[in-house]
DNA sequence: AACACGGGGCG
DNA sequence: CGCCCAGTGTT
């Protein structure tokens, strides 16, 4: 299937390029699976530059997987700060609990993907960066490079074929950097691209996505405001109504959704951050 | 395959 | 103001 890929020349070109183009990021070269896991979950749908400080703060607060597992989930949510998608923080805590319970991080992709919040990308990221497993990774940056070069299709198999055995961690880091710094979404710097001669991109940018409704009217926005309000202290529904300036309807729907996710719970007349003590061991979803 | 899910950076 | 981001889970 991928016999036609110019594997050797592509690898040579990227290796040559990567020697001088490394981004100084605190998780670069990290080998500890816990610290890699924290960084990768924070990096989901979040630009690297925005993750640096929260990552350092989070690790200072929870230096090891056992300390994270022993923490109050509400405190983990507070430590998440304003990174967004707070369900990531809750799942990270659940993953820490599962890892402690089983006596350490799994090394295989198949086992890693069973952890809450760890999908196909993050499982492979942990496997390659922590254990140098022979797997390629496909996220936004890498996908863009491979698709522009070789066309759309199964990019995971392309990434796996391109990844050299024995140095997968360095390779995958290099591919991410190539996508982030050269093969950028809007204004790619093709003139300084090491694989330009192998690239078949026609320079046509993708079609724009369907317009989104005003963010302030979405349930997402309401959820965010409520979680932010509860970060400080628990509150009644009336207090939330006053503090968030949200329409009552929105509050109702958002509270229901947040309760379902375990991001908040109800204690008497008040709502508070995190799952209730009873449902802390409840699985992430009802179907899985 | 299509949606929901946050928030901030950038042109 | 619209696009994008080291994606995941659900339907």
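Numbering (our numbering), first residue to last: 827 to 1114. Even glycine gets a Cβ: it sits at the ideal position worked out from N, Cα and C. Please read these numbers as outputs of a predicted model, since none were measured by experiment.
Taking 7 angstroms as the limit between beta carbons, can you name the residues of its chain near residue 932, skipping five residues before and five after?
Here the set comprises 938.
Within the continuous alpha helix (DSSP H) that includes residue 838, where are the two ends?
Its alpha helix (DSSP H) spans residues 833-844.
Who does residue 1062 pair with in a DSSP beta bridge?
1096, per the DSSP bridge assignment.
Can you list, in chain order, the residues of its chain with a C-beta nearer than 7 angstroms to that of residue 1011? Leave out the 5 residues immediately preceding and following it.
So the qualifying residues of the chain are 970.
Is the Cβ-Cβ distance between residue 789 and residue 1085 less than 8 angstroms?
The structure shown has nothing for residue 789, since the chain only spans 827 to 1114.
Identify the residues that DSSP records as bridge partners of residue 1090: which are they?
Residue 1090 pairs with 1099.
Could I get the ranges of all uninterrupted alpha helix (DSSP H) runs contained in the region 901-978, with 4 residues as the minimum, in chain order?
Correct list: 913-928, 935-938, 946-957, 966-976.
For residue 905, I'd like the list of residues in its chain whose CB is within less than 6 angstroms of its CB, leaving aside the five on either flank, ordered along the chain.
Counting only Cβ-Cβ distances below 6 angstroms, and skipping sequence neighbours, we find 884, 887.
Rounded to the nearest angstrom, what separates residue 1002 and residue 838 at their Cα positions?
Rounded to whole angstroms, residue 1002 to residue 838 spans 16 angstroms at the Cα level.
Taking Cβ positions, are residue 895 and residue 903 nearer each other than 8 angstroms?
No; because the gap between Cβ atoms is not below 8 angstroms, this pair is not in contact.
Which residue wins for smallest C-alpha separation from residue 972, given the options 960, 959, 987?
It is 987.
Quick check on the burial criterion: 16 or more other C-beta atoms within 10 angstroms. Buried or exposed for residue 1055?
So residue 1055 counts as buried.
Among residues of its own chain, excluding the 5 on either side of residue 1113, which ones have a beta-carbon nearer than 6 angstroms to its beta-carbon?
Here the model assigns residue 1113 a pLDDT of 42, short of 50, so the residue's position is not dependable and the matter cannot be decided.
CB residue 1097 to CB residue 1048, shorter than 8 angstroms?
No; because the gap between Cβ atoms is not below 8 angstroms, this pair is not in contact.
Grab the span of the alpha helix (DSSP H) containing residue 1005 for me, first residue to last.
First-last of the alpha helix (DSSP H) with residue 1005: 994-1007.
Out of curiosity, what's the CA-to-CA distance linking residue 1082 and residue 1026?
Distance between the alpha carbons of residue 1082 and residue 1026: 48 angstroms.
My output table needs one value for residue 1025: the three-state DSSP class, helix, strand or coil.
Note: residue 1025 maps to coil in three-state DSSP.
So, residue 877 versus residue 869, is the Cβ gap smaller than 8 angstroms?
It is a contact, given that the beta carbons lie within the stated cut-off.
Buried or exposed for residue 930, please, with buried defined as at least 16 other CB atoms from any protein chain shown within 10 angstroms of its CB.
Classification for residue 930: exposed.
Could you tell me which of 867, 835, 831, 900 sits nearest to residue 1059, measuring between CA atoms?
Nearest C-alpha to residue 1059: 900.
Please report the Cβ distance between residue 913 and residue 1089, rounded to the nearest whole angstrom; I am assuming they are in contact, meaning their Cβ atoms lie under 8 angstroms.
The Cβ separation is near 6 angstroms, so the contact holds.
Return the residue from the list 857, 850, 910, 955 that minimises the CA-CA distance to residue 872.
Of 857, 850, 910, 955, the residue nearest in Cα terms is 910.
Please look up how many angstroms separate the CB atoms of residue 961 and residue 935, rounded, as I've assumed it's under 8 angstroms.
Residue 961 to residue 935, Cβ: 6 angstroms. Contact.
Where do the ends of the alpha helix (DSSP H) carrying residue 859 lie?
Unbroken alpha helix (DSSP H) run through residue 859: 859-869.
Go ahead and pull the three-state DSSP assignment for residue 1019.
It is coil, neither helix nor strand.
With DSSP collapsed to three states, give me the class of residue 818.
Here the chain has residues from 827 to 1114 only, and residue 818 is not among them.
Identify, in the order they occur along the chain, each residue of the same chain with its Cβ nearer than 6 angstroms to the Cβ of residue 1006, setting aside the five sequence neighbours on each side.
Excluding sequence neighbours, residue 1006 sits near 967.
Could you tell me the alpha carbon to alpha carbon distance between residue 980 and residue 963, rounded to whole angstroms?
About 12 angstroms.
Under a Cβ-count criterion, where at least 16 other Cβ atoms within 10 Å of its own Cβ denotes burial, should residue 1070 be classed as buried or exposed?
With 16 or more other Cβ atoms within 10 Å, it is buried.
Excluding the five sequence neighbours on either side, which residues of its own chain have a C-beta within less than 7 angstroms of the C-beta of residue 943, listed in chain order?
Cβ neighbours of residue 943 beyond the five flanking positions: 867, 914, 917, 918, 921.
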